[in-house]
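Quick notes on the structure that follows.
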């Protein structure tokens, strides 16, 4: 089994650490971790530590011995403005975006967005952050994505707008260096005037090929491609 990752407030350089709380209970109860097994610790800000389980408490506690630490370089900033999906598809969108390696997720309400966060935006944002944290642990990310308060895309900078009627494909586009922003529309798609406003401010409209993807999966598909381009350039 690949070593699972658990986030802590601060990663020690050496010595022993006691892990408790929901993550530790999951490690003992669901993952059945025992003495001698390997575990990763991370602070969500790039610092990671290899460690070994030295003791497991059935009530939900783990004693870990830190073997060594490292600091992973931070990848290019990749922000996604995600139109708020309906129902459970919101969680799916956040999970997939996190697994795809986004840096920031900004919920937004477009003209055709059905979901309504009025009066409960902070509670919803906190839920998205919890979902992102769990997905980041599952995918063993050194950097936790940040879920920000709802906002609206400006179209400034290197901004890519996903739209099925765009003439250019993401797969033929060469992104410039520096931070990237991806705008994902709702179930009904972006209104023409929204696309016009964003592209008028410098954004680039791009399609994802001939197939139409759901709002909960389109952003992740685009981000996987963009992160893959980075890795191919680095190698």
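In the numbering used here, the protein residues as written are 1 to 235.
Beta carbons are placed, not taken as given, at the ideal position from N, Cα and C, and that holds for glycine.
Remember, it's a predicted structure, so these values are computed and weren't measured experimentally.
- Pull up the distance between the alpha-carbon of residue 29 and that of residue 17, whole angstroms please. If you number the chain shown from 1, residue 29 lands on position 29. If you number the chain shown from 1, residue 17 lands on position 17. Those two C-alpha atoms are separated by around 19 Å.
- Query: In chain order, which beta strand (DSSP E) runs of at least 3 residues are fully inside the region 152-186?
  - Reply: Taking only runs of at least 3 residues, the beta strand (DSSP E) segments lying wholly in the region 152-186 are 159-162, 180-184.
- Return the CA-CA distance between residue 175 and residue 64, expressed in angstroms with no decimal places. Walking along the chain shown from the start, residue 175 turns up at place 175. Walking along the chain shown from the start, residue 64 turns up at place 64. Within the model, the alpha-carbon separation for residue 175 versus residue 64 is close to 42 Å.
- Does the beta-carbon distance from residue 185 to residue 162 come in below 8 Å? Here residue 185 refers to the residue found at position 185 when the chain shown is read from its first residue. Here residue 162 refers to the residue found at position 162 when the chain shown is read from its first residue. Using a Cβ distance threshold of 8 Å, residue 185 and residue 162 count as a contacting pair.
- Same chain only: Cβ atoms within 7 Å of residue 113, ignoring 5 sequence neighbours per side: Counted from its first residue, the chain shown places residue 113 at position 113. For residue 113, where only same-chain residues beyond five positions count, the Cβ hits under 7 Å are 83, 84, 186.
- Message: I need the DSSP call for residue 195, collapsed to helix, strand or coil.
- Response: By 1-based counting over the chain shown, the position of residue 195 is 195. In the structure shown, residue 195 adopts helical secondary structure according to DSSP, grouped into three states.
- Put residue 91 into one of helix, strand or coil per three-state DSSP. What you label residue 91 is simply residue 91 of the chain shown in a count that begins at 1. The answer is helix: DSSP assigns residue 91 an H, G or I state.
- Just checking, does the region 2-22 make contact with the region 31-46 on the three C-beta pairs under 8 Å criterion? As far as the Cβ criterion goes, the region 2-22 touches the region 31-46, which means the pair count is three or higher.
- Query: Does the region 101-115 come close enough to the region 134-154 that 3 or more CB-CB pairs lie under 8 Å?
  - Reply: Counting C-beta pairs with one atom in each stretch, the region 134-154 and the region 101-115 have three or more that are closer than 8 Å, which means they touch.
- Query: How big is the Cα-Cα spacing for residue 95 and residue 129?
  - Reply: On the chain shown, residue 95 is found 95 positions in, with the first residue counted as 1. On the chain shown, residue 129 is found 129 positions in, with the first residue counted as 1. Their Cα atoms are separated by approximately 10 Å.
- Taking C-beta to C-beta, are residue 117 and residue 150 nearer than 8 Å? Reading the chain shown from its first residue, position 117 is the one you call residue 117. Reading the chain shown from its first residue, position 150 is the one you call residue 150. Taking C-beta atoms as the reference points, residue 117 and residue 150 count as a pair closer than 8 Å.
- At least three beta-carbon pairs within less than 8 Å, the region 200-211 to the region 164-184: Output reads yes: the region 164-184 touches the region 200-211.
- Do residue 222 and the ligand ATP come close, with the Cβ less than 7 Å from some heavy atom? No copy of the ligand ATP occurs in the structure displayed, which carries no ligand at all.
- Query: Where do the N-terminal and C-terminal ends of the beta strand (DSSP E) with residue 48 fall, by residue?
  - Reply: Counted from its first residue, the chain shown places residue 48 at position 48. Its beta strand (DSSP E) spans residues 47-57.
- Message: Does residue 128 come out as helix, strand or coil in the three-state DSSP assignment?
- Response: In the chain shown, residue 128 corresponds to position 128, counting from 1. Looking at residue 128 - three-state DSSP - the assignment turns out to be helix.
- Query: Mapping DSSP to helix, strand and coil, what is residue 122?
  - Reply: As a first step, residue 122 must be located in the chain shown, where it is residue number 122. It is helical.
- Message: I'd like the list of long-range same chain contacts for residue 60, defined as Cβ closer than 6 Å, with 5 residues on each side in sequence excluded.
- Response: One-based indexing of the chain shown puts residue 60 at position 60. The residues are 24, 25, 28.
- Item | For residue 40 and residue 201, believed in contact at Cβ under 8 Å, the rounded distance | Here residue 201 refers to the residue found at position 201 of the chain shown. Here residue 40 refers to the residue found at position 40 of the chain shown. About 41 Å separates the two Cβ atoms, so there is no contact after all.
- Message: Quick check on the burial criterion: 16 or more other C-beta atoms within 10 angstroms. Buried or exposed for residue 58?
- Response: Within the chain shown, residue 58 is the residue found at index 58, counting from 1. Exposed, by the Cβ-count rule.
- Item | Range of the contiguous beta strand (DSSP E) that encloses residue 66 | Taking the chain shown and counting its residues from 1, one reaches residue 66 at position 66. Its beta strand (DSSP E) spans residues 61-71.
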